[in-house]
Amino acid sequence: MVLLFAAFALIVAWGSVAAVLGLKRRDALQAQDQQGRNLARVLSEQTLRVLAAADQAMLRVVQDHGAAQLRPEDLIRFANETGLAPLILVQLSLVDAQGVLVGSNLDPSGRKNGRIDLSDREHVKAHLGQPDRPADQDRLFVGRPVLGKVSNRWTIQLSRALRDANGHIDGVIVASLDPSYFERVYADVDVGQTGSVALIGQDMNVRARVIGGKPDGMGRQLPPGSALGQHLGEPEGNYRSTSSLDGVRRIYAFRHVAGLPLLTLVSIGEEEALRDWRATRDGMIGLTAVLSLAIVASAVLFVTGLRRLEQSHDALKISEAEALAANQAKSEFLAAISHELRTPLTSIRGYAELMEQRLQEPRYREAAGLIRKGAEHLNKLLTEILDLAKVEAGSMQLSPEPVDLQQLLNGTADFFALSAQSKGLTLTQEFDPALPPAILCDGLRLKQILNNLLSNAIKFTEQGGVRLRMARDGDSLLVQVIDTGPGIPAEKHAQIFEKFRQGDASVSYQHGGTGLGLALSRALAELMHGQLGIEPSVGTGACFSLRLPLLLP
């Protein structure tokens, strides 16, 4: 049984560890999802601020151009007022209706660079290629990164259509942004060695990207069937995907830039996201392994202890003739064993009770109940042994307190009423009105004595009944337990109060018990400055009398 309990404890321990680790792993991944979304949201808002500042300059050009108030030098002023030039806003350019560069903030008159044809550029064709488009459909166009013909630098092109006073498209205003600005910002974001931060368009073209803190992949076209392509219709979210290039599984978070065909994408390697969880996992596994060894060692020690207990019991039988000399050693030994057995017995009882409540199969539930009852019986026996050893060693401490005698009488009788009824016995009680309502004594030990006496009376009485009586006898409290059982011969009155002794050898076989109850009860009575004895009677039942000093609280 001990080995089964040890196996069950190991299963529970490792099962609990697995469940806790599973929950912690889920929580770690959910926390990473939330952190990624927050980071993507911050980067999205920062990107929007930069693009909105550049767009504001273009909108002023659109407004002044439509009112025929735009001057070439205004391009310089509008660009400078954004606060982005020249590090982020590389160039603010004006293109005519034929797609030819007219001027820019770098060359307002267009004399330095000449009339460069930009009509083949995507960000120019997006507007000039739709001359009949209504004005209310004009939108900010965000192009792919290109190598500028004027600036000779890689830039992200923002463009808007210019309309004349009649509302016809007659040019394009272009803001060229340096993608390295976004790469520098993204490089400062700590997403680990395998993580990445990117700015990607709805067209699946990468405007800027940093992997492991280094720029990589600007201008790359992602395949339409990629994992990101399946989430383009969502404003923000998370997904997990394993890269076909490096085989790393990553946790992705994305957020669309409000009002623009762009999104920010943040990823971190799943292994890096679970780094703290793995440390927790290793620690819990290590501790559980140590606990498992302790359980196995305890089981071995318990079995060894039981075997030693059996051997000691045999040795005590052989040395019974030397009982007087060995009595103190025996008491100390029993006390030590009681302490060693109490903890595992309590655990066995608890797990057996849990199994009894949860098992569905009747035969298994019955087996669990037998285990529990056996553990309870052993625990009660250990309590008696320990109490007796404490009394003999002089370490039993009393706790005097006011005790309600009527309540004690009723409670004790009620506790044994069912046991008496199951045997067809009557259980009556008598209370002397001359007694005070309460006396000063150790109520727990007094109740322990009464329980032992009533338990014995019901156990040995086959018909008739048991009577519990409380009366005043001078300056003493007299408590009597009277039964209609077979009685006890006078020559055995002294024997029944000895440890491990009963009135007859057949008693233990028929009724069970160890012979400790009466010995402990007399020892407790004497410890409370009282007396416990038996009145002479044979064949007419037994009458046990307890006398205690009548001390008022």
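Each residue of the sequence shown is one higher than the one before, counting from 118 in the numbering used here. Every residue, glycine too, gets a C-beta built ideally from N, C-alpha and C.
Ranked by Cα distance from W131, the first of L176, G403, T578 is G403. By the beta-carbon neighbour count (other beta carbons within 10 angstroms, threshold 16), S384 is buried. Beta-bridge analysis with DSSP links H430 to no other residue. It is roughly 36 Å from the alpha-carbon of G336 to the alpha-carbon of R142. Straight through space, the alpha carbons of L120 and E615 are spaced by roughly 36 Å. Setting aside the 5 residues that flank it on each side, V596 is surrounded in the same chain by M587, L663, each with a C-beta closer than 6 Å to its C-beta; the list follows chain order. Under the Cβ criterion (8 Å, minimum of three pairs), the region 198-206 counts as touching the region 290-307. Per DSSP, the continuous alpha helix (DSSP H) segment holding I566 begins and ends at 560-577.
Within the DSSP bridge table, the entry for D234 names V217 as partners. For D320, there is no enclosing alpha helix (DSSP H), as DSSP marks it with neither H nor E. In this structure, the beta-carbon distance from L471 to V306 does not fall below 9 Å. CA-to-CA, the gap between L264 and G400 works out to about 54 Å. Y369 is classed as buried because its beta carbon has at least 16 other beta carbons within 10 Å across all chains shown.
Leaving aside the five residues that flank E300 on each side, the residues in its chain whose CB is nearer than 7 Å to its CB run, in chain order, A325, V327, P332. Here I128 is exposed, its C-beta having fewer than 16 other C-beta atoms within 10 Å. Scanning its chain for C-beta atoms nearer than 6 Å, with the 5 sequence neighbours on each side dropped, one finds no residue around T500.
With respect to the C-alpha of T578, the residue from A315, I613, G602 having the closest C-alpha is G602.
Along the region 171-220, the alpha helix (DSSP H) occurs as fully enclosed runs of 4 or more residues at 191-198, listed in sequence order. In this model, Q274 and L176 are separated by some 15 Å (Cα to Cα). Residue burial annotation: Y303 is buried, with at least 16 other C-beta atoms found within 10 angstroms of its C-beta. Residue burial annotation: N283 is exposed, with fewer than 16 other C-beta atoms found within 10 angstroms of its C-beta. Using a Cβ-Cβ distance cut-off of 8 Å, the region 307-322 and the region 372-384 are in contact, since at least three pairs of beta carbons, one from each stretch, lie closer than that value. As the crow flies, the alpha-carbon of G364 is around 12 Å from that of E387. Burial check for R194: the Cβ neighbour count within 10 Å stays below 16, so the residue is exposed. For M587, the three-state secondary structure derived from DSSP is strand. Under the criterion of beta carbons closer than 8 Å, N573 and G634 qualify as touching, at roughly 6 Å.
In the structure shown, N155 falls within a helical segment according to DSSP collapsed to helix, strand and coil. Under the 8 Å Cβ criterion, the region 339-346 does not count as touching the region 183-191, having fewer than three qualifying pairs. Burial state of R392 is exposed, judged by a 10 Å Cβ sphere holding fewer than 16 other Cβ atoms.
If you draw a straight line from the Cα of Q173 to the Cα of G246, it is about 24 Å long.
Using a C-beta cut-off of 8 Å, the region 638-645 makes contact with the region 507-517, since at least three inter-stretch Cβ pairs fall below that distance. Taking a contact as a CB-CB distance under 8 Å, the pair V520 and A555 counts as one, their CB atoms being some 6 Å apart. The C-alpha of R395 is placed about 45 Å away from the C-alpha of R270. In this chain, H348 is not harboured by any alpha helix (DSSP H), its DSSP state being neither H nor E. Taking the Cβ atoms as the reference, V583 lies roughly 13 Å from L535, outside the contact range of under 8 Å.
A straight line joining the alpha-carbon of P461 with that of R372 spans about 58 Å.
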